[in-house]
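A.B. asks:
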């Protein structure tokens, strides 16, 4: 579980996951959204893969990445149980946060 939170703790990896929410992408497509080198991008993708947050598929010479939501959902559920939050409390908190953000 700690490797999941380590992977999620980095803003770049969070951005990669946001991109993958839209659609599966090749490493090159993901890299186009960032200004750092290909080896740095590979390192970030490797951390996400080790945390089992992404699934890879090699097609020809390209590697495509797909978000694995079930692992992320399990991590969130585990975290909410750790802090004693029920699903209804989580939904209520998220709704009130959204309402506050809309007011601003």
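Numbering (my numbering), first residue to last: 981 to 1084.
We put the beta carbon where it would ideally sit given N, CA and C, even for glycine.
Apart from the five residues on each side of it in sequence, which residues of its chain come closer than 7 Å, Cβ to Cβ, to residue 1035?
C.D. replies: Result list for residue 1035: 1046, 1048, in chain order.
A.B. asks: Quick check for students: name the residue ranges of the alpha helix (DSSP H) that lie wholly in the segment 999 to 1062, counting only runs of 4 or more.
C.D. replies: As far as the segment 999 to 1062 is concerned, its whole alpha helix (DSSP H) runs of at least 4 residues are 1007 to 1011, 1018 to 1030, 1049 to 1062.
A.B. asks: Would you call the segment 1016 to 1023 and the segment 1053 to 1063 in contact, with 3 or more CB pairs under 8 Å?
C.D. replies: In short, these stretches do not touch, since the Cβ pair count stays below three.
A.B. asks: Take residue 987 and list the residues in its own chain whose beta-carbon comes closer than 8 Å to its own, dropping the five residues that flank it on each side.
C.D. replies: Closer than 8 Å at Cβ, skipping near neighbours: 993, 1027, 1028, 1030, 1031, 1033.
A.B. asks: Around the C-beta of residue 1000, are 16 or more other C-beta atoms found within 10 angstroms, so that it is buried, or is it exposed?
C.D. replies: Its Cβ being crowded by 16 or more others within 10 Å, residue 1000 is buried.
A.B. asks: Would you kindly work out how many angstroms separate the C-alpha atoms of residue 1009 and residue 985, rounded to a whole number?
C.D. replies: Spanning the two alpha carbons is a distance of roughly 25 Å.
A.B. asks: In whole angstroms, what is the alpha-carbon distance linking residue 1044 and residue 1002?
C.D. replies: C-alpha separation (whole angstroms): 13 Å.
A.B. asks: Just the C-alpha distance for residue 1011 and residue 1021, rounded to the nearest angstrom, thanks.
C.D. replies: Those two C-alpha atoms are separated by around 6 Å.
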